[in-house]
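A quick write-up on the structure given underneath.
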Amino acid sequence: MHQAYFQIPDDLLRDTLYHWALVRPNVAVIDLLAPGEEQVVAVGNHLVSARANLEIVRGCDGSGAMFLVVSAMLAYPANLGRKLAGVLAAAGFMYLLNLLRIAAIYFVVAYYPAWFLPAHTYFAPTLIVVLGCLFFAWWAAWARSDADGQRRVS
Numbered sequence: 011m012h013q014a015y016f017q018i019p020d021d022l023l024r025d026t027l028y029h030w031a032l033v034r035p036n037v038a039v040i041d042l043l044a045p046g047e048e049q050v051v052a053v054g055n056h057l058v059s060a061r062a063n064l065e066i067v068r069g070c071d072g073s074g075a076m077f078l079v080v081s082a083m084l085a086y087p088a089n090l091g092r093k094l095a096g097v098l099a100a101a102g103f104m105y106l107l108n109l110l111r112i113a114a115i116y117f118v119v120a121y122y123p124a125w126f127l128p129a130h131t132y133f134a135p136t137l138i139v140v141l142g143c144l145f146f147a148w149w150a151a152w153a154r155s156d157a158d159g160q161r162r163v164s
């Protein structure tokens, strides 16, 4: 998965995928969190306002954490249906988490720029990985249970 991801041309990610899948949805998230205050606009792969200009680049898309969770699910001993349900749920969960992460980092850049580096490099990625691991643990418990909710013993 990771190798295939790096075969995607940078300009396709930057100009199309990031704009439509990350930047524009984050304008809506930021407007929801601070209605009428930020007036953020999507400009290519940038979230732009009077307070901040946040660029979304490869690696800011949450793909690494999503690949980690999906790989764990695919390797886990569960039936194909539960794996498929888990992968789809994980992709949605990790996508929403990443939108919130990007919005939070926007607010850090806008109001506490000195905190950008630790927030972007340490705090946010660690939180995303921990939440992804918790999601996997929840899914694994569900994937190992029978239809009536009882845990199977291997």
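Heads up: the sequence shown is residues 11 to 164, going by the numbering used here.
All C-beta atoms, glycine included, are put in the ideal place defined by N, C-alpha and C.
Out of Tyr121, Thr131, Gly74 and Pro123, which has the shortest C-alpha to C-alpha gap to Gly142?
By 1-based counting over the sequence shown, the position of residue 142 is 132. Among Tyr121, Thr131, Gly74 and Pro123, the Cα nearest to that of Gly142 belongs to Gly74.
Identify which residue in Ala147, Ile138, Tyr122 and Met83 has its Cα closest to the Cα of Gly69.
Counted from its first residue, the sequence shown places residue 69 at position 59. For the residues Ala147, Ile138, Tyr122 and Met83, the minimum Cα distance to Gly69 belongs to Ile138.
Per DSSP, which residues does Glu65 bridge with? Please list them.
Here residue 65 refers to the residue found at position 55 when the sequence shown is read from its first residue. Answer is His56.
Val51 and Val39 look like a contact to me (Cβ under 8 Å); what is the Cβ gap, rounded to whole Å?
Position 41 of the sequence shown, counted from the start, is the residue given in the question as residue 51. Position 29 of the sequence shown, counted from the start, is the residue given in the question as residue 39. Rounded, the Cβ-Cβ distance is 14 Å, inconsistent with contact.
Below 8 Å between beta carbons: does that hold for Gly72 and Met83?
Counting from one through the sequence shown, the residue named residue 72 turns up at place 62. Counting from one through the sequence shown, the residue named residue 83 turns up at place 73. It is not a contact, given that the beta carbons lie outside the stated cut-off.
Could you tell me which uninterrupted alpha helix (DSSP H) segments, each at least 4 residues in length, are contained entirely in the segment 83-134, listed from first to last along the chain?
Those alpha helix (DSSP H) runs which fall completely within the segment 83-134 and span 4+ residues are 90-121.
Counting along the chain, where does the alpha helix (DSSP H) carrying Gln13 start and finish?
As a first step, residue 13 must be located in the sequence shown, where it is residue number 3. Looking at the DSSP string, the run of the alpha helix (DSSP H) that includes Gln13 is His12 to Tyr15.
For Val50, name the three-state secondary structure that DSSP assigns.
Residue mapping note: residue 50 aligns to position 40 of the sequence shown, counting from 1. It is coil, neither helix nor strand.
Is Leu43 closer than 8 Å to Ala134 when the C-beta atoms are compared?
Counted from its first residue, the sequence shown places residue 134 at position 124. Counted from its first residue, the sequence shown places residue 43 at position 33. For Ala134 and Leu43, no; Cβs fall outside 8 Å.
Can Arg34 and Glu48 be called in contact, C-beta distance under 8 Å?
Residue numbering aside, residue 34 sits at position 24 when the sequence shown is read from its first letter. Residue numbering aside, residue 48 sits at position 38 when the sequence shown is read from its first letter. Not closer than 8 Å, so no.
For Val33, report the span of its alpha helix (DSSP H) as first-last.
In the sequence shown, the residue the question calls residue 33 occupies position 23. Val33 -> no alpha helix (DSSP H), and no H or E assigned at all.
Is Ala101 closer than 8 Å to Met76 when the C-beta atoms are compared?
If you number the sequence shown from 1, residue 76 lands on position 66. If you number the sequence shown from 1, residue 101 lands on position 91. It is a contact, given that the beta carbons lie within the stated cut-off.
Note down, in chain order, each residue of its chain lying with its Cβ closer than 6 Å to the Cβ of Arg24, except the 5 sequence neighbours on either side.
Here residue 24 is taken as the residue at index 14 of the sequence shown, counted from 1. Closer than 6 Å at the Cβ level, and outside the excluded window around Arg24, lie Asn55.
Mark Phe145 as exposed unless 16 or more other C-beta atoms lie within 10 angstroms of its C-beta, in which case mark it buried.
Along the sequence shown, one-based indexing puts residue 145 at 135. When all chains shown are included, Phe145 counts as buried.
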